[in-house]
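Visitor: Starting off with a structure, shown below.
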Amino acid sequence: MHPAFSVIFFTVFSGVGYGLLALMGLFVALGVLPAAKWLGVVGLGLGFAAVSAGLLSSTWHLGHPERAWRAFSQWRTSWLSREGVISVLSYGPILLLAYTWILVGDDAKTIKIWALLTPVGALATIACTGMIYQSLKTIHQWHNQWTVPNYLLLGLAGGAVWLQGVSHALGAASTVVGATGIAALIVAWLTKKAYWRFIDTTSHASTPETATGLGAFGKVTKFEGPHTEDNYLLKEMGYKVARKHAEKLRRYAEALAFALPLALVGISMAADGGMAKFAAFMGALSITIGLLIERWLFFAEAKHVVTLYYGPDSAKIPNNLK
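Shown next as structure tokens:
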């Protein structure tokens, strides 16, 4: 599938933003984080900005963005619509948490209510985003049991590393936050490797033989292409990245999204002063870049079953990815 930047930006930043908001709500409810004014301003503000920017960017690739509101009416059958509805509903607890945290203070009786409701809406929205892709039976790389867990875990891991950076910058560092970041990174890394192993060792049930019904006569091959020039389907659904290039990008993603943030979070927990703050900040920067690479691969490695019509070698590899 064509890896459109708008969708990559949307899924990464809304996921990490919701992960940050979910963990801030949970930790302030449990007393792990202090309900300090500036921690609320910066942390909740950063999460809210990332989520809002991500959700707005999801309309960039639409032919008519002004019609996006119509998707809200299809929530009974569409995961895209459900995501839209739940994302809007999630703003309620987030804004009320921000109000009680920043303006009322940590003595507010209702802060724990909004703090506990915030993770519910945040994680539900991430799950709906993952289900948009997992529900597509025509794309084997998405329609599997690893898609939604990956979205949830990567969002939480990114949010935890961002929170580590914010808490260190504002002098509210917590061992629990750092340990959560390390645990989330390890589990997310293992889950991502399991996802890659799955798509490398399995394939869609549909083949040229099943599609044509001619399997009884032997292997079905393409005599000649259905047309001589590229078309929309090949550009959008037949995007292909060379195997060696994909493997190299996977290594970059593992290094920047998992290995380096793990080391930097560990350093930020062990060090003091400026070194700890620098390590925490670099960890947040590293995982953001790594997740952008990971998400690009998530789309680029996906192949729609419609490409069976064009044959296994029909998809063209861009010159810079050969």
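With the numbering used here, the residue at position 70 of the sequence shown is 113, and numbering never jumps.
Virtual Cβ for every residue (Gly too), placed ideally from N, Cα, C.
Nothing here was measured: the structure is a model prediction, and the numbers come from that model.
(1) Excluding the 5 residues flanking residue 173 on each side, which residues of the same chain have their C-beta closer than 6 Å to its C-beta?
(2) Could you check the C-alpha separation between residue 88 and residue 64 for me, to the nearest Å?
(3) Report yes if the C-beta distance between residue 90 and residue 136 is below 7 Å; otherwise report no.
(4) Please report the distance separating the alpha-carbon of residue 337 from that of residue 314.
(5) Helix, strand or coil: which one does DSSP assign to residue 45?
(6) Tell me the DSSP secondary structure of residue 68 in three-state form.
(7) Give the DSSP-derived three-state secondary structure of residue 347 in the structure shown.
(8) With respect to the alpha helix (DSSP H) encompassing residue 315, which residues constitute its N-terminal and C-terminal limits?
(9) Check each candidate in 204, 267, 281 and 214 and name the one with the smallest Cα separation from residue 300.
(10) Could you pull the start and end residues of the alpha helix (DSSP H) that residue 111 belongs to?
(11) Residue 212 to residue 85, Cα distance in whole Å?
(12) Where does residue 1 land, buried or exposed, given buried means 16+ other C-beta within 10 angstroms?
(13) Which same chain residues end up closer than 8 Å to residue 170 when comparing Cβ atoms and leaving out the 5 residues on each side of it in sequence?
(14) To which residues of the same chain is residue 351 closer than 8 Å at the C-beta, ignoring the five residues directly before and after it?
(15) State buried or exposed for residue 207, treating a residue as buried only when at least 16 other CB atoms are found within 10 Å of its CB.
(16) Using only the heavy atoms of the ligand FAD, determine whether one of them is closer than 6 Å to the beta carbon of residue 259.
(17) Residues in the same chain with beta-carbon distance under 7 Å from residue 241, minus the five sequence neighbours each way, listed in chain order, please.
(18) Just to confirm, is the Cβ distance from residue 380 to residue 200 under 7 Å?
(19) Can you tell me the Cα-Cα spacing of residue 46 and residue 153, whole angstroms?
(20) If you draw a straight line from the C-alpha of residue 58 to the C-alpha of residue 269, how long is it?
(21) For residue 162 versus residue 228, is the C-beta distance shorter than 7 Å?
(22) Look up residue 137 in the DSSP assignment and give the residues it is bridged to.
(23) Considering only their Cβ atoms, is the gap separating residue 177 from residue 344 smaller than 7 Å?
(24) Look at the alpha carbon of residue 76 and the alpha carbon of residue 222, and state the distance between them as a whole number of angstroms.
(25) What's the C-alpha gap between residue 61 and residue 327?
(26) Excluding the 5 residues flanking residue 310 on each side, which residues of the same chain have their C-beta closer than 6 Å to its C-beta?
(27) From residue 360 to residue 278, what distance separates their C-alpha atoms?
(28) Would you say residue 51 and residue 239 are within 7 Å of each other, going by their C-beta atoms?
(29) Who are the near neighbours of residue 100 in its chain, counting only those whose CB is closer than 7 Å to its CB and skipping five residues on each side?
(30) Let me know the alpha helix (DSSP H) ranges lying completely inside the segment 143–199, each 4 residues or longer, listed in chain order.
(31) Taking only runs of the alpha helix (DSSP H) that begin and end inside the segment 237–299, which ones reach a length of at least 4 residues, in chain order?
Guide: So, from the listed chains and residues:
(1) Counting only residues of its own chain and dropping the five nearest sequence neighbours on each side, residue 173 has a CB closer than 6 Å to the CB of 190, 191 and 194.
(2) Residue 88 and residue 64: Cα-Cα distance of roughly 9 Å.
(3) Going by beta carbons, residue 90 and residue 136 fall outside the 7 Å limit.
(4) Rounded to the nearest angstrom, the gap between the Cα atoms of residue 337 and residue 314 is 29 Å.
(5) It is coil, neither helix nor strand.
(6) Residue state, collapsed to three classes: helix.
(7) Look at residue 347 here: in three-state DSSP terms it is strand.
(8) From DSSP, residue 315 is part of no alpha helix (DSSP H); its letter is neither H nor E.
(9) Residue 204 holds the alpha-carbon nearest to the alpha-carbon of residue 300 among 204, 267, 281 and 214.
(10) First-last for residue 111: undefined, no H or E at that position.
(11) Going by the C-alpha atoms only, they are around 10 Å apart.
(12) This structure does not reach residue 1, given that the chain is present from 44 up to 365, and the question cannot be answered.
(13) Within the same chain, and ignoring the five residues on either side of residue 170 in sequence, the residues whose Cβ sits closer than 8 Å to its Cβ are 191, 194 and 195.
(14) Cβ within range, chain order: 249, 250, 251 and 254.
(15) Residue 207 should be labelled buried.
(16) No copy of the ligand FAD occurs in the structure displayed, which carries no ligand at all.
(17) Non-local beta-carbon contacts of residue 241 in its own chain, meaning distances under 7 Å to residues more than five positions away in sequence, involve 187 and 189 in chain order.
(18) An answer regarding residue 380 cannot be provided, because it is not within the stretch 44 to 365 covered by the chain.
(19) Going from the Cα of residue 46 to the Cα of residue 153 covers about 43 Å.
(20) Each residue's Cα considered, the two are about 40 Å apart.
(21) Cβ atoms of residue 162 and residue 228: not closer than 7 Å.
(22) Paired residues: none, contrary to the question.
(23) No. Outside cutoff.
(24) If you take the alpha carbons of residue 76 and residue 222, they lie about 14 Å apart.
(25) When rounded, the separation of the alpha-carbon atoms in residue 61 and residue 327 is 15 Å.
(26) These residues qualify, in order along the chain: 322.
(27) Only weak support is given to the placement of residue 360: the predicted model assigns it a pLDDT of 49, under 50, and the value that follows is read from those uncertain coordinates. Going from the Cα of residue 360 to the Cα of residue 278 covers about 10 Å.
(28) Cβ distance not < 7 Å, so residue 51 and residue 239 don't count as in contact.
(29) Hits under 7 Å: 49, 52 and 53.
(30) If one requires a minimum length of 4 residues, the alpha helix (DSSP H) runs lying completely within the segment 143–199 are 154–177, in chain order.
(31) If we require 4 residues or more, the alpha helix (DSSP H) runs fully inside the segment 237–299 come out as 251–255, 275–280 and 286–297.
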